[in-house]
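Peer 1: After the structure tokens below, expect a handful of questions from me.
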Amino acid sequence: MRAGESFTLETDAPARQWLQTHPSIRPRVIAYDAHRCCGGGVICRVSIRELSRKEDPTRFATGVLDGGATVLIDPRAAARLPARFGLTVRGLGPLKHLDLELDGEQWGELLYS
């Protein structure tokens with residue numbers, strides 16, 4: 086999918102609870118960062134964060150949570166993600182964070198294609 090197209094995001098119970106206890110003023114973004122390391126390889130990182138003031142929300146694809154809220158998706162990730170995927174919580178204690186719920190092949194497509 087590309088910017089302007091819509092995804093369906095399903096949240097499990099921990100993700101719904103995390104979203105309720107971590108309200109956001111700005112839309113959340115599934116961010117995609119890729120850069121080359123010194124050996125020539127590419128390091129890809131996916132994170133969920135708030136939209137920065139400098140970013141244009143119209144350049145992102147849209148994901149709709151099962152509760153109706155909108156999540157913006159970096160177009161580089163949108164081109165590799167399935168039309169329907171989930172959100173969950175990973176980490177322990179203060180390191181808990183919202184994360185994508187993908188199977189192995191979907192993670193491979195997202196990070197290594």
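So the sequence shown is numbered by this note's numbering: it starts at 86 and just counts up by one. Each residue gets a CB set at the ideal place from its N, CA and C atoms; glycine is no exception.
1) Run through DSSP, which three-state label would Glu140 get?
2) Using a threshold of 9 Å, state whether the C-beta atoms of Leu166 and Phe92 are closer than that.
3) Excluding the 5 residues flanking Gly148 on each side, which residues of the same chain have their C-beta closer than 8 Å to its C-beta?
4) Mind the definition here: the region 135–143 touches the region 181–196 only if three or more C-beta pairs lie below 8 Å; say whether that holds.
5) Output the boundary residues of the beta strand (DSSP E) element that contains Gly148.
6) With distances taken Cα to Cα, identify the nearest neighbour of Leu187 among Arg134, Phe170, Val174.
7) Short check: CB of Thr96 to CB of Leu172, under 9 Å?
8) Would you report the Cα separation of Phe145 and Arg113, rounded to the nearest angstrom?
Peer 2: The answer reads as follows:
1) In this structure, Glu140 counts as coil in the three-state DSSP scheme.
2) Yes. Within cutoff.
3) The beta carbon of Gly148 sits closer than 8 Å to those of Ser91, Phe92, Thr93, Leu94, Ile115, Thr155, Val156, Leu157, Ile158, all from its chain and outside the five residues before and after it, given in chain order.
4) No, the region 135–143 does not touch the region 181–196.
5) Here the beta strand (DSSP E) through Gly148 covers 146–150.
6) The shortest Cα separation from Leu187 among Arg134, Phe170, Val174 belongs to Phe170.
7) Leu172 sits close to Thr96, with the two beta carbons spaced by under 9 Å.
8) Computed Cα separation, rounded: 11 Å.
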